[in-house]
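Numbered continuously in the UniProt record's numbering, the sequence shown closes out at residue 321.
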Amino acid sequence: MVKGSQKIVAVDQDIPIIDMSQERSQVSMQIVKACETLGFFKVINHGVDQTTISRMEQESINFFAKPAHEKKSVRPVNQPFRYGFRDIGLNGDSGEVEYLLFHTNDPAFRSQLSFSSTVNCYIEAVKQLAREILDLTAEGLHVPPHSFSRLISSVDSDSVLRVNHYPPSDQFFGGANLSDKSVSLTRVGFGEHTDPQILTVLRSNGVGGLQVSNSDGMWVSVSPDPSAFCVNVGDLLQVMTNGRFISVRHRALTYGEESRLSTAYFAGPPLQAKIGPLSAMVTMMNQPRLYQTFTWGEYKKLAYSLRLEDSRLDMFRTCKD
Numbered sequence: 001m002v003k004g005s006q007k008i009v010a011v012d013q014d015i016p017i018i019d020m021s022q023e024r025s026q027v028s029m030q031i032v033k034a035c036e037t038l039g040f041f042k043v044i045n046h047g048v049d050q051t052t053i054s055r056m057e058q059e060s061i062n063f064f065a066k067p068a069h070e071k072k073s074v075r076p077v078n079q080p081f082r083y084g085f086r087d088i089g090l091n092g093d094s095g096e097v098e099y100l101l102f103h104t105n106d107p108a109f110r111s112q113l114s115f116s117s118t119v120n121c122y123i124e125a126v127k128q129l130a131r132e133i134l135d136l137t138a139e140g141l142h143v144p145p146h147s148f149s150r151l152i153s154s155v156d157s158d159s160v161l162r163v164n165h166y167p168p169s170d171q172f173f174g175g176a177n178l179s180d181k182s183v184s185l186t187r188v189g190f191g192e193h194t195d196p197q198i199l200t201v202l203r204s205n206g207v208g209g210l211q212v213s214n215s216d217g218m219w220v221s222v223s224p225d226p227s228a229f230c231v232n233v234g235d236l237l238q239v240m241t242n243g244r245f246i247s248v249r250h251r252a253l254t255y256g257e258e259s260r261l262s263t264a265y266f267a268g269p270p271l272q273a274k275i276g277p278l279s280a281m282v283t284m285m286n287q288p289r290l291y292q293t294f295t296w297g298e299y300k301k302l303a304y305s306l307r308l309e310d311s312r313l314d315m316f317r318t319c320k321d
């Protein structure tokens with residue numbers, strides 16, 4: 001259940017909405033500002049075909065509507081890419097959620113699904129959007145072109161797609177329902193965390209639940225907008241910008257009345273890619289390197305050994321207070 005002491009401010013308070021059809025330099029400046037102040041923004045007129053979006057959403061809805069035994073059959077033993085429910089992490093994290101998790105460069109698991117072609121089209125579309133956003137980011141920061149996008153364009157990039165389904169209250173996996181008045185209608189569907197990768201591109205259906213933490217540590221509810229994509233900075237982008245960008249803490253709540261569906265593309269580099277502050281960012285900010293250099297494989301191993309809410313970046317700081 002949601003802790004009552006965590007203050008929630010007005011819906012969409014200070015959340016930037018960036019129209020990607022504007023003049024390019026204007027878009028790049030807006031993206032940089034959003035990444036510096038909140039680490040989160042929405043994009044509209046993003047160029048992803050609505051048919052691709054609609055098909056992905058409908059096929060996902062159809063899958064999660066199947067009987068439990070059919071969904072669980074898409075769950076290879078000891079494989080991270082699969083169907084799952086409740087168990088979010090490897091260390092006891094859980095939520096009121098079921099999900100499908102795909103590796104974008106491994107078609108083996110996707111081939112088990114009747115809608116694999118739909119998933120493939122969606123992955124290509126959001127990958128292109130992520131690359132464009134990262135290129136605009138590089139332009140706005142005045143760092144070499146493709147400084148960020150090259151990491152997710154590689155054939156061995158470690159990007160994943162996750163489809164989350166938050167069922168209505170009468171389908172909660174814990175067995176509680178609306179008739180039990182002792183149960184809060186607001187539950188944690190996916191606990192507080194940052195994303196370890198470079199960038200996340202996410203969209204949901206018309207049901208709310210996503211919240212992001214602002215600079216004051218207060219929760220800002222994000223209004224659902226099926227026509228927009230939400231974008232948030234991940235841990236690796238905070239490192240590469242030497243702390244100029246914010247890896248935003250966020251969570252998903254369930255309100256008990258309607259199913260919520262969200263689809264997130266986590267843009268990650270190859271496992272062997274070395275991650276550290278860009279030299280240009282250190283020079284421009286006129287401050288020491290805040291983070292050590294490490295590989296994504298090293299960071300990923302650490303990230304998945306900790307609990308969801310744990311802070312991971314502090315372990316790679318060059319100077320700990």
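Virtual Cβ for every residue (Gly too), placed ideally from N, Cα, C.
The model shown is predicted, which means the values in this text are computed figures rather than measured ones.
Ranges of the alpha helix (DSSP H) found wholly within the region 12-63, counting only runs of at least 4: Correct list: 24-37.
Three-state class that DSSP yields for residue 323 in the structure shown: Since the first and last residues shown for the chain are 1 and 321, residue 323 lies out of range.
Assigned secondary structure, Ala-176 (DSSP; H/G/I helix, E/B strand, else coil): Note on Ala-176: pLDDT 49, under 50, position unreliable in the model; no value is reported.
Simplified DSSP state of Glu-139, which is helix, strand or coil: Helix, per DSSP.
Rounded straight-line distance, which links the Cα of Ser-215 to that of Gln-272: Approximately 33 Å, taken between the alpha carbons.
Distance, Val-155 Cα to Tyr-299 Cα: Put simply, the backbone Cα of Tyr-299 is about 20 Å away from that of Val-155.
Cβ contact (3+ pairs, closer than 8 Å) linking the region 28-38 and the region 249-256: Using a Cβ-Cβ distance cut-off of 8 Å, the region 28-38 and the region 249-256 are not in contact, since fewer than three pairs of beta carbons, one from each stretch, lie closer than that value.
Segments of 3+ residues assigned as beta strand (DSSP E) that fall wholly inside the region 89-119: As far as the region 89-119 is concerned, its whole beta strand (DSSP E) runs of at least 3 residues are 94-103.
Leu-210 and Thr-263 closer than 8 Å at C-beta: Annotated as distal: Leu-210 and Thr-263, with beta-carbon spacing of 8 Å or more.
Nearest-angstrom beta carbon gap, Arg-82 and Gly-95 [assumed within contact, 8 Å]: At roughly 17 Å, the Cβ-Cβ gap does not stay under 8 Å, so Gly-95 and Arg-82 are not in contact.
Rounded separation between Gly-256 and Gln-287 - CA only: Straight-line measurement puts the Cα of Gln-287 at about 47 Å from the Cα of Gly-256.
Opening and closing residue of the alpha helix (DSSP H) in which Met-70 lies: Looking at the sequence itself, residue 70 is Glu, so the reference to Met does not match. Counting along the chain, the alpha helix (DSSP H) containing Glu-70 begins and ends at 68-72.
Cβ contact check for the region 59-71 and the region 40-49: 3 or more pairs under 8 Å: These segments do not touch.
Rounded straight-line distance, which links the Cα of Asp-93 to that of Met-240: Going from the Cα of Met-240 to the Cα of Asp-93 covers about 28 Å.
Distance CB(Leu-198)-CB(Gly-234) smaller than 8 Å: The question names Leu, yet the displayed sequence has Ile at residue 198. Yes, the pair counts as a contact, with Cβ atoms nearer than the cut-off.
Opening and closing residue of the beta strand (DSSP E) in which Ala-267 lies: That run of the beta strand (DSSP E) goes 260-267.
Backbone secondary structure at Ser-149 - three-state DSSP: The DSSP-derived three-state label of Ser-149 is helix.
Buried versus exposed call for Ala-138 [16 or more other C-beta atoms within 10 Å across all chains shown]: Around the C-beta of Ala-138, 16 or more other C-beta atoms lie within 10 Å, and the residue is accordingly described as buried.
Residue closest to Pro-269, alpha-carbon to alpha-carbon, out of Ser-259, Leu-134 and Val-163: Of Ser-259, Leu-134 and Val-163, the smallest CA-CA separation from Pro-269 is found for Leu-134.
The region 98-117 contacting the region 58-68, beta-carbon criterion three pairs below 8 Å: They touch, by the three-pair rule.
Proximal residues to Glu-57 (C-beta, below 7 Å), its chain only, five neighbours per side dropped: For Glu-57, where only same-chain residues beyond five positions count, the Cβ hits under 7 Å are Asn-205 and Leu-261.
Buried versus exposed, by CB contacts within 10 Å (16 or more), Ala-10: Counting Cβ neighbours within 10 Å, Ala-10 comes out exposed, since fewer than 16 surround it.
Chain-order list of residues whose beta-carbon lies under 6 Å from that of Asn-91 (same chain, five-residue window excluded): Excluding residues within five positions, the ones whose Cβ falls inside 6 Å are Arg-307.
Distance CB(Thr-52)-CB(Ala-125) smaller than 8 Å: In this structure, Thr-52 sits near Ala-125, with a CB-CB distance shorter than 8 Å.
Span of the alpha helix (DSSP H) around Ser-279: Where Ser-279 is concerned, the enclosing alpha helix (DSSP H) stretches over 279-285.
One or two residues paired with Ala-10 in a DSSP bridge: Its beta-bridge partners do not exist; DSSP assigns none.
Distance between Val-27 and Met-20 (C-alpha atoms, nearest Å): Met-20 and Val-27 have their alpha carbons spaced roughly 6 Å apart.
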